[in-house]
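Undergrad: Take a look at this one; I'll ask things after.
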Amino acid sequence: MQKQKINSLVWFRNNLRVEDNSSLINAINNSDKIIGFINIDPRDFISTKYGFKKTEKYRAKFFLESVKELKSQLEKLNISLIITYDYLDKSIPQIIKQYEIEKVFLQKEWTRDELLEESYFPKNIDLVKDFNQFLYSPKDVKTLYDNIPRGFSNFRKKCEKYLSVDNILPIPKPLNNDNKIAIDYPIPSLSDLGFNLFEVHKNSVFKFNGGEINGKKRIDDYFFNTKNVSNYKSTRNGLIGENYSSKFSPWLANGSVSVKYIYNQLKKYESEVDKNDSTYWLYFELIWRDFFKYVSMQHKDKFFSKDGIYGDNKEWSTDIDILSNWINGKTNEPFVNANMIELLETGFMSNRGRQNVANYLTKELKIDWRIGAEYFESMLIDYDVHSNYGNWLYNAGIGNDSMPFRKFNPKLQSERYDPNKLYEKTWLDD
Ligand SMILES: Cc1cc2nc3c(=O)[nH]c(=O)nc-3n(C[C@H](O)[C@H](O)[C@H](O)COP(=O)(O)OP(=O)(O)OC[C@H]3O[C@@H](n4cnc5c(N)ncnc54)[C@H](O)[C@@H]3O)c2cc1C
23 MQKQKINSLV WFRNNLRVED NSSLINAINN SDKIIGFINI DPRDFISTKY
73 GFKKTEKYRA KFFLESVKEL KSQLEKLNIS LIITYDYLDK SIPQIIKQYE
123 IEKVFLQKEW TRDELLEESY FPKNIDLVKD FNQFLYSPKD VKTLYDNIPR
173 GFSNFRKKCE KYLSVDNILP IPKPLNNDNK IAIDYPIPSL SDLGFNLFEV
223 HKNSVFKFNG GEINGKKRID DYFFNTKNVS NYKSTRNGLI GENYSSKFSP
273 WLANGSVSVK YIYNQLKKYE SEVDKNDSTY WLYFELIWRD FFKYVSMQHK
323 DKFFSKDGIY GDNKEWSTDI DILSNWINGK TNEPFVNANM IELLETGFMS
373 NRGRQNVANY LTKELKIDWR IGAEYFESML IDYDVHSNYG NWLYNAGIGN
423 DSMPFRKFNP KLQSERYDPN KLYEKTWLDD
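The sequence shown runs 23 to 452 under this note's numbering.
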């Protein structure tokens with residue numbers, strides 16, 4: 023029987039890569055002609071209720087770099103990439119019609135905004151979704167838990183003990199050139215999205231560019247070329263420089279590198295170079311990333327709600343002056359201020375810093391945690407819905423922290439993690 027002719031779209035959202043991309047492979051295996059699709063929605067770049075854009079210039083730049091690499095990687099496979107800069111609800115029907123699309127392959131998501139996006143497809147279009155952003159896949163985790171435990175340790179120990187990580191999927195072979203739909207959509211520039219071109223700050227700890235190849239290069243450098251991963255456990259609470267931690271998060275967040283790829287490289291490093299507490303600890307952190315994905319999947323809209331997951335009806339303030347002092351690094355705490363200025367100037371902040379400023383905003387200044395999370399969403403190069411909101415809930419004491427009243431003392435934190443005040447000087451004296 024002759025194979026049915028199908029034109030398919032691969033819709034890239036947070037999976038901007040060609041290696042270990044199940045949607046891409048499925049589309050190739052089940053279609054005659056395929057095209058990639060990315061929509062950039064202008065609504066992501068206008069200010070929301072508290073005056074923050076959903077996406078600020080740092081992530082916008084990294085995203086455009088990622089799209090550029092994706093487009094050239096797909097070209098090598100004879101797959102063109104449609105790039106529209108329009109309201110998604112307008113561009114989807116138009117593309118479906120123009121290219122006579124019958125099937126759409128996409129990474130499965132579960133949070134509200136992403137589901138709304140999917141609802142813009144006409145009902146007769148077959149949406150083929152699969153999970154492709156986890157270390158431990160949902161089909162396996164489901165065998166362990168009906169409900170994801172409140173505590174991370176519980177979750178981690180069972181995953182480590184009983185589950186294994188699926189193999190990564192290869193980069194597909196190039197399609198036959200006859201099947202190529204030859205089109206060339208330009209990639210918008212940063213100024214098209216409403217931003218001025220800018221120089222990366224000289225003290226930024228994140229001077230890397232977006233995209234799958236750049237991400238793999240960073241992994242190679244952090245693991246094999248410098249062996250920095252062998253010291254990760256003792257450096258990970260650092261604040262200065264590009265190597266105190268891996269800086270993998272921005273590539274993981276937009277999926278230009280998969281977490282399974284990183285895991286694979288880590289295992290290779292452990293078998294060929296070195297295996298110690300530090301290499302284990304990097305893996306441990308990757309399980310945190312999975313954990314928040316599962317927590318958000320389980321708790322749905324509570325994950326974004328005022329009272330959080332394990333809330334206690336806190337009264338939150340929305341005082342604009344207090345908030346603005348926090349954002350602009352003008353609180354009474356130099357350590358908090360230095361971190362907030364770093365974020366403002368670079369779009370990045372260390373994990374130590376993030377915990378401190380979130381804890382301070384919610385537990386000392388008593389500002390509504392959702393505003394802090396929205397500000398991070400706007401500014402962070404590595405914004406990821408599950409890690410961001412999950413960590414904010416945790417630090418606000420209404421999420422997965424088993425000691426929800428834990429309050430950091432920024433002075434003690436500064437003494438411990440910035441004993442010579444080099445970090446504070448970097449951002450406060452500039
Ligand atoms: C309030 C707050 C908000 C945060 N928002 C985000 C966010 O939007 N996006 C994001 O990727 N991370 C977020 N994190 C988690 C963490 O701070 C960053 O993942 C980390 O700082 C990124 O730097 P790195 O890649 O060098 O991390 P490394 O220390 O090298 O860790 C390796 C990887 O492990 C994962 N990881 C490490 N710590 C965490 C954690 N606490 N939670 C989840 N995953 C973790 C990340 O994928 C990270 O890239 C947030 C943390 C806090 C406290």
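Where a beta carbon is used, it is the ideal one built from N, C-alpha and C, also for glycine.
Using only alpha-carbon positions, find the residue among Asn381, Ile403 and Asp406 that is nearest to Gly394.
TA: Start at 1 with the first residue of the sequence shown, and residue 394 comes out as number 372. The candidate whose alpha carbon is nearest that of Gly394 is Asn381.
Undergrad: For Thr102, count neighbouring Cβ atoms within 10 angstroms of its own Cβ and tell me buried if that reaches 16, exposed if not.
TA: Working through the sequence shown from its first residue, we reach residue 102 at position 80. For clarity, residue 102 is Ser in the given sequence; the question names Thr instead. When all chains shown are included, Ser102 counts as buried.
Undergrad: Could you tell me whether the Cβ atoms of Lys254 and Ser186 are closer together than 9 Å?
TA: Residue 254 sits at position 232 when you count from the first residue of the sequence shown. Residue 186 sits at position 164 when you count from the first residue of the sequence shown. Per the sequence presented here, residue 254 reads as Tyr, with Lys not at that position. No, Cβ-Cβ distance for Tyr254 and Ser186 is not below 9 Å.
Undergrad: Start and end of the alpha helix (DSSP H) containing Tyr302?
TA: Here residue 302 refers to the residue found at position 280 of the sequence shown. Segment Asp299 to His321, the alpha helix (DSSP H) holding Tyr302.
Undergrad: For the candidate residues Asp423, Gly58 and Arg376, whose alpha-carbon lies nearest to that of Lys202?
TA: Taking the sequence shown and counting its residues from 1, one reaches residue 202 at position 180. Checking every option, the nearest Cα to that of Lys202 belongs to Gly58.
Undergrad: Sorry if obvious, but does the Cβ on Trp310 come closer than 8 Å to a heavy atom of ligand 1?
TA: Taking the first residue of the sequence shown as position 1, residue 310 is located at position 288. Indeed, a heavy atom of ligand 1 lies less than 8 Å from the Cβ.
Undergrad: May I ask you to check if the CB of Ser346 is nearer than 8 Å to at least one heavy atom of ligand 1?
TA: Numbered from 1 along the sequence shown, position 324 holds the residue referred to as residue 346. Flag unset: Cβ of Ser346 not near ligand 1.
Undergrad: Tell me the DSSP secondary structure of Lys151 in three-state form.
TA: One-based indexing of the sequence shown puts residue 151 at position 129. Correct three-state label for Lys151: strand.
Undergrad: For the region 131-144 against the region 156-174, do three or more pairs of beta-carbon atoms, one drawn from each stretch, fall closer than 8 Å, so that the two count as touching?
TA: The region 131-144 vs the region 156-174: no contact.
Undergrad: Can the beta-carbon of Phe270 be found less than 9 Å from the beta-carbon of Tyr411?
TA: What you label residue 270 is simply residue 248 of the sequence shown in a count that begins at 1. What you label residue 411 is simply residue 389 of the sequence shown in a count that begins at 1. Contact flag unset, no.
Undergrad: Which residues in the same chain as Glu264 place their Cβ atom closer than 6 Å to its Cβ, once the five residues preceding and following it in sequence are excluded?
TA: Within the sequence shown, the letter at position 242 stands for residue 264. Only Val227 meet the Cβ criterion.
Undergrad: Restricting to runs no shorter than 3 residues, where is the beta strand (DSSP E) found entirely within the region 40-106?
TA: Entirely contained in the region 40-106, the beta strand (DSSP E) runs reaching 3 residues are, in chain order, 55-62.
Undergrad: For Ile117, which residues of its own chain have a beta-carbon under 8 Å away from its beta-carbon, when the five flanking residues on both sides are left out?
TA: Start at 1 with the first residue of the sequence shown, and residue 117 comes out as number 95. Only Leu31, Phe59, Ile104, Thr106 and Ile123 meet the Cβ criterion.
Undergrad: In chain order, what residues of the same chain have a beta carbon less than 8 Å from the beta carbon of Leu166, not counting five sequence neighbours either side?
TA: What you label residue 166 is simply residue 144 of the sequence shown in a count that begins at 1. Excluding sequence neighbours, Leu166 sits near Lys180, Cys181, Tyr184 and Leu185.
Undergrad: Taking 9 Å as the threshold (beta carbon to beta carbon), is Asn276 in contact with chain C?
TA: Structure shown: chain C not included; a single protein chain is present.
Undergrad: What number of angstroms, rounded off, separates the C-alpha of Lys71 from the C-alpha of Ile403?
TA: Numbered from its first residue, the sequence shown carries residue 71 at position 49. Numbered from its first residue, the sequence shown carries residue 403 at position 381. Looking at the two C-alpha atoms, the distance is approximately 21 Å.
Undergrad: In whole angstroms, give me the CA-to-CA distance for Lys19 and Asp343.
TA: Look at the range of the chain in this structure, 23 to 452, and you will see that residue 19 is not part of it.
Undergrad: For Asp242, count the other beta carbons within 10 Å of its own beta carbon; 16 or more makes it buried, fewer makes it exposed. Which is it?
TA: Position 220 of the sequence shown, counted from the first residue, corresponds to residue 242. It is exposed - the Cβ of Asp242 has fewer than 16 other Cβ atoms within 10 Å.
Undergrad: Compute the distance between the beta-carbons of Val40 and Leu99, then report whether it is under 9 Å.
TA: For the purposes of this step, residue 40 is taken as residue 18 along the sequence shown, with counting starting at 1. For the purposes of this step, residue 99 is taken as residue 77 along the sequence shown, with counting starting at 1. Yes; because the gap between Cβ atoms is below 9 Å, this pair is in contact.
Undergrad: Per DSSP, what are the beta-bridge partners of Trp33 in this structure?
TA: Here residue 33 refers to the residue found at position 11 when the sequence shown is read from its first residue. DSSP output for Trp33 lists Phe59 and Leu128 as bridge partner(s).
Undergrad: Is Gln377 near ligand 1, judged by its Cβ being under 8 Å from some heavy atom?
TA: In the sequence shown, residue 377 corresponds to position 355, counting from 1. The answer is yes for Gln377.
Undergrad: Taking C-beta to C-beta, are Gly277 and Gln129 nearer than 9 Å?
TA: Looking up residue 277 in the sequence shown gives position 255. Looking up residue 129 in the sequence shown gives position 107. Yes, the pair counts as a contact, with Cβ atoms nearer than the cut-off.
Undergrad: Tell me the DSSP bridge mates of Ile389?
TA: Translated into the one-based positions of the sequence shown, residue 389 becomes position 367. According to DSSP, Ile389 bridges with Ser339.
Undergrad: How is Ala204 classed by DSSP in three states: helix, strand or coil?
TA: In the sequence shown, counting from the first residue as 1, residue 204 sits at position 182. Coil, per DSSP.
Undergrad: Give the secondary structure of Met401 by DSSP, where H, G and I count as helix, E and B as strand, and everything else as coil.
TA: Indexing the sequence shown from 1 puts residue 401 at position 379. Looking at Met401 - three-state DSSP - the assignment turns out to be helix.
Undergrad: Kindly indicate which three-state DSSP category Pro115 falls into: helix, strand or coil?
TA: Here residue 115 refers to the residue found at position 93 when the sequence shown is read from its first residue. In the structure shown, Pro115 sits in a helix (DSSP, three-state: H, G or I).
Undergrad: Under 9 Å, do Val281 and Arg311 count as touching if we go by C-beta distance?
TA: Counted from its first residue, the sequence shown places residue 281 at position 259. Counted from its first residue, the sequence shown places residue 311 at position 289. Yes, these two residues count as a Cβ contact at 9 Å.
Undergrad: Count the other CB atoms, across all protein chains shown, that sit within 10 Å of the CB of Asp456; report buried if there are 16 or more and exposed otherwise.
TA: Beyond the ends of the chain as shown, which are 23 and 452, falls residue 456; an answer cannot be given.
Undergrad: Output yes or no for whether 9 Å exceeds the beta carbon distance between Gly232 and Ser88.
TA: Against the sequence shown, residue 232 aligns to sequence position 210. Against the sequence shown, residue 88 aligns to sequence position 66. For Gly232 and Ser88, yes; Cβs fall inside 9 Å.
Undergrad: Which stretch, first to last residue, makes up the alpha helix (DSSP H) that contains Asp162?
TA: The count along the sequence shown starts at 1 and reaches residue 162 at position 140. Residues Pro160 to Leu166.
Undergrad: If you compare alpha carbons, which of Asn225, Gly330, Leu304 and Ala275 is closest to Arg258?
TA: Locating residue 258 in the sequence shown gives position 236, counting from the first residue. It is Leu304.
Undergrad: What I want to know is whether the C-beta of Lys93 ends up closer than 8 Å to one or more non-hydrogen atoms of ligand 1.
TA: By 1-based counting over the sequence shown, the position of residue 93 is 71. Incorrect: Lys93 has no Cβ contact closer than 8 Å to ligand 1.
Undergrad: Leaving out the 5 sequence neighbours to the left and right, which residues in its chain are closer than 7 Å to Gly237 when beta-carbon positions are compared?
TA: If you number the sequence shown from 1, residue 237 lands on position 215. Excluding positions up to five away in sequence, the list reads Trp273, Ser278 and Val279.
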